[in-house]
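Those letters in the sequence shown? Residues 545 to 601, per the working numbering, in order. Glycine residues also receive a C-beta, built at the ideal position from the N, C-alpha and C atoms. Bear in mind that the values here come from a model prediction, so they are computed numbers and not experimental data. In what follows, a single structure is set out as C-alpha cells and then discussed.
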Amino acid sequence: MKAERLKHLKKYILLSIKFPTNFVLIYRIFKQMMPLFKRLMNYIMDSNESFPNHHGL
545 MKAERLKHLK KYILLSIKFP TNFVLIYRIF KQMMPLFKRL MNYIMDSNES FPNHHGL
C-alpha cells in the first residue's frame, strides 16, 4: 500500500518537474479557490446556525 502511494508520488513529482507550468497553474487556481471555498463554508455554517430547521433535519 505504501509502495503504491510512493509510486504515485514519484509519478506526480516527475510530472510536475516535466511540466512546472502545469503545477504552477494548478497551484494558482487552488490558491484562488481556497478563500472562496472558506467563505462558502462559513456561509453554510452561519446559515445552519441561524436556521437550525432550514433543511428539515
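Where residue i falls: helix, strand or coil (DSSP)
| i | result |
| --- | --- |
| phenylalanine 619 | Outside the modelled stretch of the chain, which goes from 545 to 601, sits residue 619, for which no answer is possible. |
| leucine 601 | In this prediction, leucine 601 has a pLDDT of 49, which is less than 50 and means its spatial position is unreliable; nothing more can be read from the coordinates. |
Residue burial classification, residue i (beta-carbon count within 10 angstroms, cutoff 16)
| i | result |
| --- | --- |
| leucine 601 | Any reading at leucine 601 needs caution, since the residue's pLDDT is 49, under 50, leaving its predicted position unreliable; the model's value is listed next. Burial call: exposed. |
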